[in-house]
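**Q**
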């Protein structure tokens, strides 16, 4: 047998300890039986079997878990003492980003003007703080990642650690994510005096901690914002601290960034300059870039050209979308400021683009958001995808329902940015064919294949317009010897004259149409659609109105653009779109091993006498192979006990089950609940249930107190 041992209090450690032979389980802690077996190919392994006896009340750390529900949450640090005392524990695991920073072209450190977005909304940590998502009906989402290079999560707390959901969404799109280190007002001056005015060891300790935090939670650096007056000693040490922080961060996070916000001067005065000049240059020289204040005029830009020299791209000229103060542009005229910035070769820092959501409201948000970024698009160079496999269902990370394989399985709102997938280039323009012809791409929440949304392409294109293509994605990568493309679509009306085709543009061989598949110019024709299918995947024929198109192989070349052919007027929904290395499709499917449970809490509602269970599930699986994990349960006397009940979707190899209603066991009997972890693979391969993770919890009558733990 095995027992689980825990220490009370925040940051407690948990470990499995043998309790046979001479060892004995501690009083009040449940005994746990575990059976392990070798997995034969295709067989279901035996799972841990937990038998609950005596249970103790326990609380999870309030910093990492919601006080009311025990859901995992993102957090910040409010004081210097908290920062210096920080060290990671297993309770921090939910806050670690699971999505590595994707490669893209051009890379961040190329010498070209960049675009930074600084997200500032009501001091942050709103619905986005819930790591496993929330039921928010009209949340704020950002999804125009292809236009930007850097994302800063801003709040007025001392140490702003970006919520893991934002880090996952940005990294999936190749965008670096920065937290914020800010001091302000009188209290900020006192804090700076405490760590900057004294010995080097003090500010070095702060730099070390900030580097370690970025490394552990897997984000990419810091925006440093000192908005308070400094003493002479603190001002003298500030550039040394910034150099120390930059060196520490580059060591801990290769490719990371430390940016300085235009605030205090070398003298220690708080005086925004709205430019790089001799009064603040010492901070620019100590960092990877300068984020200017917003009240600049074109003469500021002209003066800065000489100051920046070869580092023009490291100057991020601030644009306040709320247009507070004497600024250029703002709102739907933000392009005026951006045009001037690009004219002089600088990078841009777009502050608070959530104006679209906060000022114009939740209604028609997606339409207004597309309009805002559409006005800037010509000034924001598109980034290209540079790695395979590429797969997207166009999910925004939100929905009014949740879909799986084209069927709605939950008809309720949800929001989780970790579930957001790569979005296309959005188009709203006049189409060829003269007056009355138009073409638009947008996200639709009314239908989906997987997740909460799909891509809707609609327009009026007269037949005489000839071939029309909608550009969806930009690629810059060599194709593998064999390439596999797949698309599912749904027509709002079944029109026999409508054809759907993917068009893949290549740098060295023209283009390849994938639908009624044709070969590359000068090559032998490729195989017919359907000659290559995803192993283990359900048939790609009509399913809930969705149908397949364009599966096949093509010889390798260099990919540059993926478009959708539009030979006729139509309205269509697109969802799974895949560009894969065909040779990798038949790799073996991994099972989910070692499903375990920890942080188990029992609660009996005093009003209804309903017993509920909360616990954390852990397992192991390669992050590069799974898009997410679907968590199911099945249990005696649960609703529809013979059927699996979907509890939620995990975007890491752990999941917190919260408040699961379970039956009260009889006085001398027991009940059981089974948990299953289903991996959802990037390639869309269906994983047989025999390879899911499985855990069986068997529990007897708990103690009479209302809250229990094991």
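Numbering (the working numbering), first residue to last: 12 to 721. C-beta atoms are modelled at their ideal positions from N, C-alpha and C, and glycine is treated no differently.
With DSSP run on the structure shown, which of helix, strand or coil describes residue 315?
**A** As a position in the chain shown, residue 315 is number 304, starting the count at 1. Helix at residue 315.
**Q** Give a yes or no on whether the C-beta atoms belonging to residue 329 and residue 295 are separated by under 8 Å.
**A** Taking the first residue of the chain shown as 1, we reach residue 329 at position 318. Taking the first residue of the chain shown as 1, we reach residue 295 at position 284. In this structure, residue 295 does not lie closer than 8 Å to residue 329 by Cβ.
**Q** On the DSSP letters alone, give me the boundaries of the alpha helix (DSSP H) that residue 347 sits inside.
**A** Reading the chain shown from its first residue, position 336 is the one you call residue 347. From DSSP, the alpha helix (DSSP H) with residue 347 extends over 345-354.
**Q** Cα separation between residue 547 and residue 117?
**A** The count along the chain shown starts at 1 and reaches residue 547 at position 536. The count along the chain shown starts at 1 and reaches residue 117 at position 106. Confidence in residue 547 is poor, its pLDDT being 32 and thus under 50, which makes the residue's placement unreliable; the coordinate value appears in the next sentence. If I take the Cα positions, the gap works out to 36 Å.
**Q** Closest to residue 119 by C-alpha separation, out of 200, 300, 211, would be which residue?
**A** The residue you call residue 119 lines up with position 108 of the chain shown. Of the listed residues, the one whose Cα sits closest to residue 119 is 300.
**Q** Rounding to the nearest angstrom, what Cα-Cα distance links residue 345 and residue 336 in this structure?
**A** On the chain shown, residue 345 is found 334 positions in, with the first residue counted as 1. On the chain shown, residue 336 is found 325 positions in, with the first residue counted as 1. Spanning the two alpha carbons is a distance of roughly 14 Å.
**Q** Buried or exposed for residue 79, going by 16 or more other Cβ atoms inside 10 Å?
**A** Numbered from 1 along the chain shown, position 68 holds the residue referred to as residue 79. The residue in question, residue 79, is exposed, as its Cβ has fewer than 16 Cβ neighbours within 10 Å.
**Q** Suppose you measure from the CA of residue 236 to the CA of residue 274; what does that come to, to the nearest Å?
**A** Locating residue 236 in the chain shown gives position 225, where the first residue counts as 1. Locating residue 274 in the chain shown gives position 263, where the first residue counts as 1. The alpha-carbon atoms of residue 236 and residue 274 are separated by roughly 7 Å.
**Q** Please identify the residue among 447, 664, 314 whose C-alpha is closest to the C-alpha of residue 688.
**A** Position 677 of the chain shown, counting from 1, holds the residue named residue 688. Restricting attention to 447, 664, 314, the CA atom closest to the CA of residue 688 is found in 664.
**Q** Given that a residue counts as buried once 16 or more other Cβ atoms are within 10 Å of its Cβ, and exposed if not, what is residue 114?
**A** The count along the chain shown starts at 1 and reaches residue 114 at position 103. The residue is exposed, with fewer than 16 neighbouring Cβ atoms inside 10 Å.
**Q** Could you give the distance in angstroms between the alpha-carbon of residue 662 and the alpha-carbon of residue 404?
**A** By 1-based counting over the chain shown, the position of residue 662 is 651. By 1-based counting over the chain shown, the position of residue 404 is 393. Roughly 16 Å between the two C-alpha positions.
**Q** Rounding to the nearest angstrom, what Cα-Cα distance links residue 487 and residue 435 in this structure?
**A** If you number the chain shown from 1, residue 487 lands on position 476. If you number the chain shown from 1, residue 435 lands on position 424. Their backbone Cα atoms lie some 15 Å apart in a straight line.
**Q** Are residue 361 and residue 128 closer than 8 Å when you measure CB to CB?
**A** Translated into positions along the chain shown, residue 361 becomes position 350. Translated into positions along the chain shown, residue 128 becomes position 117. Contact: yes.
**Q** For residue 139, count the other beta carbons within 10 Å of its own beta carbon; 16 or more makes it buried, fewer makes it exposed. Which is it?
**A** Position 128 of the chain shown, counted from the first residue, corresponds to residue 139. Residue 139 should be labelled buried.
**Q** Using only the alpha-carbon positions, how far apart do residue 431 and residue 422 sit?
**A** In the chain shown, counting from the first residue as 1, residue 431 sits at position 420. In the chain shown, counting from the first residue as 1, residue 422 sits at position 411. Residue 431 and residue 422: Cα-Cα distance of roughly 19 Å.
**Q** Touching or not, the region 84-97 and the region 160-174, by the rule of three or more beta carbon pairs under 8 Å?
**A** yes
**Q** Helix or strand or just coil, what does DSSP make of residue 590?
**A** Residue mapping note: residue 590 aligns to position 579 of the chain shown, counting from 1. DSSP places residue 590 in strand when its eight states are reduced to three.
**Q** Would you kindly report the start and end of the unbroken beta strand (DSSP E) that includes residue 331?
**A** Counted from its first residue, the chain shown places residue 331 at position 320. It spans 326-331 - the beta strand (DSSP E) in which residue 331 sits, taken as one unbroken run.
**Q** Heavy atom of the ligand GTP less than 7 Å from the Cβ of residue 613, yes or no?
**A** The model depicted lacks the ligand GTP and carries no ligand whatsoever.
**Q** Considering only the beta carbon of each residue, do residue 483 and residue 496 sit closer than 8 Å?
**A** Indexing the chain shown from 1 puts residue 483 at position 472. Indexing the chain shown from 1 puts residue 496 at position 485. In this structure, residue 496 does not lie closer than 8 Å to residue 483 by Cβ.
**Q** Residues in its own chain within less than 7 Å of residue 144 by CB, not counting five upstream and five downstream?
**A** Taking the first residue of the chain shown as 1, we reach residue 144 at position 133. Within the same chain, residue 144 has close Cβ partners 425, 426, 427.
**Q** Relative to the C-alpha of residue 462, which residue among 395, 585, 472 is closest?
**A** Here residue 462 is taken as the residue at index 451 of the chain shown, counted from 1. Nearest of 395, 585, 472 to residue 462, Cα basis: 585.
**Q** Residue 60 to residue 707, Cα distance in whole Å?
**A** Here the question's residue 60 lines up with position 49 in the chain shown. Here the question's residue 707 lines up with position 696 in the chain shown. With a pLDDT of 38 at residue 60, under the threshold of 50, the modelled position of that residue is not reliable, and the figure given next carries that caveat. In a straight line, the C-alpha of residue 60 is about 5 Å away from that of residue 707.
**Q** List in chain order: all unbroken alpha helix (DSSP H) runs of 4+ residues lying wholly within the region 233-269.
**A** 243-263
**Q** For residue 357, which residues of its own chain have a beta-carbon under 8 Å away from its beta-carbon, when the five flanking residues on both sides are left out?
**A** Position 346 of the chain shown, counted from the first residue, corresponds to residue 357. 124, 312, 315, 319, 323, 324, 326, 327, 328, listed in sequence order.
**Q** Sort out for me which residues DSSP pairs residue 125 with in a bridge.
**A** Here residue 125 is taken as the residue at index 114 of the chain shown, counted from 1. Residue 125 pairs with nothing; no bridge assigned.
**Q** Do residue 234 and residue 163 have their CB atoms nearer than 8 Å?
**A** Your numbering for residue 234 matches position 223 in the chain shown. Your numbering for residue 163 matches position 152 in the chain shown. The answer is yes: Cβ separation under 8 Å.
**Q** What does DSSP give as the partner residue(s) for residue 281 in the beta ladder?
**A** Residue numbering aside, residue 281 sits at position 270 when the chain shown is read from its first letter. Partner(s): 275.
**Q** Thinking residue 359 and residue 126 are a contact (beta carbons under 8 Å), I'd like their distance in whole angstroms, please.
**A** Against the chain shown, residue 359 aligns to sequence position 348. Against the chain shown, residue 126 aligns to sequence position 115. Right, the Cβ-Cβ distance comes to about 5 Å (below 8 Å), so this counts as a contact.
**Q** Leaving out the 5 sequence neighbours to the left and right, which residues in its chain are closer than 8 Å to residue 549 when beta-carbon positions are compared?
**A** Residue 549 sits at position 538 when you count from the first residue of the chain shown. Annotation note: pLDDT 36 at residue 549 (below 50); position unreliable, coordinate value reported separately. Taken in chain order, the residues that qualify are 416, 697.
**Q** Taking the beta strand (DSSP E) that residue 421 falls in, what are its first and last residues?
**A** Against the chain shown, residue 421 aligns to sequence position 410. Per DSSP, residue 421 belongs to the beta strand (DSSP E) from 418-421.
**Q** Taking 8 Å as the limit between beta carbons, can you name the residues of its chain near residue 103, skipping five residues before and five after?
**A** Within the chain shown, the letter at position 92 stands for residue 103. Cβ neighbours of residue 103 beyond the five flanking positions: 75, 227, 228.
**Q** Taking the CB atoms as reference points, tell me whether residue 694 and residue 646 lie closer together than 8 Å.
**A** For this step, residue 694 is matched to residue 683 along the chain shown. For this step, residue 646 is matched to residue 635 along the chain shown. Cβ atoms of residue 694 and residue 646: not closer than 8 Å.
**Q** Note the first and the last residue of the continuous alpha helix (DSSP H) segment covering residue 383.
**A** Within the chain shown, the letter at position 372 stands for residue 383. 376-387 is the extent of the alpha helix (DSSP H) around residue 383.
**Q** May I ask which residues mark the beginning and end of the alpha helix (DSSP H) holding residue 294?
**A** Looking up residue 294 in the chain shown gives position 283. Where residue 294 is concerned, the enclosing alpha helix (DSSP H) stretches over 292-297.
**Q** Per DSSP, residue 462 forms a beta bridge with which residues?
**A** Indexing the chain shown from 1 puts residue 462 at position 451. The partner list for residue 462 (beta bridge, DSSP) reads 414.
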